[in-house]
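**Student:** Residue numbers (my numbering): 5 to 365. By construction, the Cβ of each residue, glycine as well, lies at the ideal position given by its N, Cα and C atoms. Predicted model, so just to flag it, every value in this text is computed and none were measured. Submitted below is the structure of interest, expressed as structure tokens.
And the structure:
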């Protein structure tokens with residue numbers, strides 16, 4: 005409607021311009037010539053011929069100017085029409101895309117609640133695709149998947165089996181019943197490889213108290229994630245980013261953290277018995293009262309880490325960086341490959357229990 009009105013106005017303007025730029029100027033000049041008698045200057049032609057020639061010349065010039073103006077008005081009108089049409093198309097496209105995303109999101113959520121594991125898995129990967137194309141839905145989808153993992157993990161089904169695992173001090177082989185279902189693993193994989201640049205500072209992955217026994221989280225992006233109370237026995241977190249993560253009281257027995265980034269992570273009272281932390285970065289990590297019996301800490305960076313009253317019995321600390329590491333009250337009885345130099349760099353007190361082969365300074 006707006007385009008039609010603009011177009012009509014321009015047409016009327018063009019018609020009016022024929023009078024104002026052609027007819028009116030000719031009449032005006034004709035009257036002016038008669039009054040001023042300029043035709044006497046052209047002595048080589050008679051008065052009638054002079055008047056006709058001048059008027060004809062002026063008319064041609066004015067008509068040419070008018071034609072140029074009309075052409076410009078035409079293209080201006082065409083440009084406005086195309087612009088308006090393009091704007092409508094863009095709005096329609098955006099609206100269509102939004103509707104498609106909403107429809108896909110509804111379908112994915114419906115699949116996610118299905119009793120069939122294949123449909124749930126399809127829903128998970130459909131949500132991942134939506135998160136990639138729709139930045140505004142990214143965090144909403146991560147929250148949905150995190151909630152799915154927390155409430156659909158095997159621990160909610162095998163309560164008695166999990167109770168038995170928690171009561172035993174030694175790691176058990178993962179049985180088929182305890183193995184992580186592929187839909188839970190799929191959701192974890194999507195969370196682990198998400199584009200965290202789309203997230204705000206206060207948006208953190210929440211997997212607290214989730215049962216993730218044997219989960220594959222290799223190279224997972226779990227920076228500052230909430231994993232407190234989670235059960236990750238036998239999980240693979242090699243090269244994972246857990247910088248600043250909250251893993252308080254989590255069961256990480258037998259888990260692999262080789263070359264993982266655990267800088268500033270909160271591992272207070274965490275169970276890392278038999279865990280493998282080869283070349284892991286634990287600088288500034290909080291491991292107060294953590295269980296690290298028989299843990300492998302080869303070349304691990306424990307610089308400025310807090311291991312107050314931690315249990316490191318029979319842990320292998322070969323090549324570990326203990327500079328400014330707080331070992332007050334820690335139990336290092338039977339620790340392997342620990343040198344006098346390493347202990348001298350660390351902070352110990354009278355309650356620190358050292359291996360028999362080391363001397364307390």
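1) When the distance is taken between beta carbons, is residue 274 closer than 8 Å to residue 300?
2) Residue 245 and residue 265 - do their beta-carbons sit closer together than 8 Å?
3) Between the beta-carbon of residue 306 and the beta-carbon of residue 276, is there less than 8 Å?
4) Can you tell which of 357, 199, 218 has its C-alpha closest to the C-alpha of residue 333?
5) Starting from residue 219 and walking both ways along the alpha helix (DSSP H), at which residues does that stretch end?
6) So what's residue 129 in DSSP terms, helix, strand or just coil?
7) Identify which residue in 345, 321, 331 has its Cα closest to the Cα of residue 352.
8) Alpha carbon to alpha carbon, how far is residue 240 from residue 260? Give it in angstroms, no decimals.
9) Please return the same chain residues whose Cβ sits closer than 7 Å to the Cβ of residue 374, not counting the five positions on each side in sequence.
10) Report buried or exposed for residue 204, applying the criterion of at least 16 other Cβ atoms within 10 angstroms of its Cβ.
11) CB-CB under 7 Å to residue 116, same chain, minus the five flanking residues each way: which ones, in chain order?
12) Which partner residues of residue 240 appear in the DSSP bridge assignment?
13) Under 8 Å between the Cβ atoms of residue 219 and residue 248?
14) Expressed to the nearest angstrom, what Euclidean distance is found between the alpha-carbon atoms of residue 289 and residue 132?
15) Can the beta-carbon of residue 216 be found less than 8 Å from the beta-carbon of residue 232?
16) Is DSSP giving residue 209 helix, strand or coil here?
17) Any idea which residues DSSP pairs residue 3 with across the strands?
18) Measuring only the C-alpha atoms, how far is residue 347 from residue 197?
19) Check each candidate in 135, 207, 294, 285 and name the one with the smallest Cα separation from residue 255.
20) If I'm right that residue 302 touches residue 283 with Cβ under 8 Å, what's the distance once you round it to whole angstroms?
21) Which residues mark the beginning and the end of the alpha helix (DSSP H) in which residue 154 is found?
22) Alpha carbon to alpha carbon, what distance is there between residue 147 and residue 316?
23) With a 10 Å radius around its C-beta and 16 neighbouring C-beta atoms as the bar for buried, classify residue 285 as buried or exposed.
**Tutor:** Taking the geometry as given:
1) no
2) yes
3) no
4) 357
5) From DSSP, residue 219 is part of no alpha helix (DSSP H); its letter is neither H nor E.
6) helix
7) 331
8) 5 Å
9) Because the chain spans 5 through 365 in this model, residue 374 falls outside it and cannot be assessed.
10) exposed
11) 124, 127, 128, 152
12) DSSP lists 220, 260 as partners of residue 240.
13) no
14) Each residue's Cα considered, the two are about 32 Å apart.
15) no
16) In the structure shown, residue 209 sits in coil (DSSP, three-state: anything other than H, G, I, E or B).
17) Coverage of the chain is limited to positions 5 through 365, which leaves residue 3 absent and any answer about it impossible.
18) 39 Å
19) 294
20) 7 Å
21) Per DSSP, the continuous alpha helix (DSSP H) segment holding residue 154 begins and ends at 139-156.
22) 36 Å
23) buried
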